[in-house]
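The sequence shown lines up with residues 1273 to 1421 when you count with the working numbering. In this text, a Cβ means the ideal position worked out from N, Cα and C, and glycines have one as well. Down below is the structure, laid out as structure tokens.
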Amino acid sequence: MKESARIALSWVRANAERLGIDAERFEDAEFHVHVPAGAIPKDGPSAGITMVTALVSLLTGRPVKHTVGMTGEVTLQGRVLPIGGLKQKSLAAHAAGLTDVVISERNRGDLDDVPEEVRDAVTFHPTMTLHEVLAVALEPLPATVPTTA
């Protein structure tokens, strides 16, 4: 989990300009990613794309769509890597009422293991890059309303 958080922050920092984040936001700033123990085990790097999405949302002010779940490992180059347990994670997303799930393109074949009822109710978004993930997961920037003087 710590390594995933470090990779997420490094990638966001390296791509700040493209993401519309002022580089000054990182100066004298500390980021703490809190993942409480709770009853759900959190092992491995599957939360990588989620951490990137959370950081980009925080730093840009773009909310994460409330209907979207995601799972995937990330690299420093912004690639989305496959994870294990897609069937179980998909069942949990469906049970939570999510309608969209972002996954790695390399997990596309694992969708055959997901029950048809879940595949019919959830739109899966296989992605290869973090930019694709953010396009699905984040709300667009609000349009600026011109002021009249």
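| Item | Value |
| --- | --- |
| Kindly indicate which residue of A1393, V1408, M1342 has the alpha-carbon position closest to the one of K1361. | M1342 |
| What does the alpha-carbon distance come out to for the pair I1321 and A1295? | 21 Å |
| Using the beta-carbon count (16 or more within 10 Å), is E1345 buried or exposed? | buried |
| Quick one: what's got a C-beta closer than 6 Å to N1379's C-beta in the same chain, skipping five residues either side? | P1354, L1358 |
| Does the Cβ-Cβ distance between L1331 and I1293 come in under 7 Å? | yes |
| Taking C-beta to C-beta, are S1329 and V1340 nearer than 7 Å? | no |
| Grab me the residues of W1283's own chain with a C-beta within less than 7 Å of its C-beta, minus the 5 sequence neighbours each way, in chain order. | V1324, V1346, L1348, G1350, L1402 |
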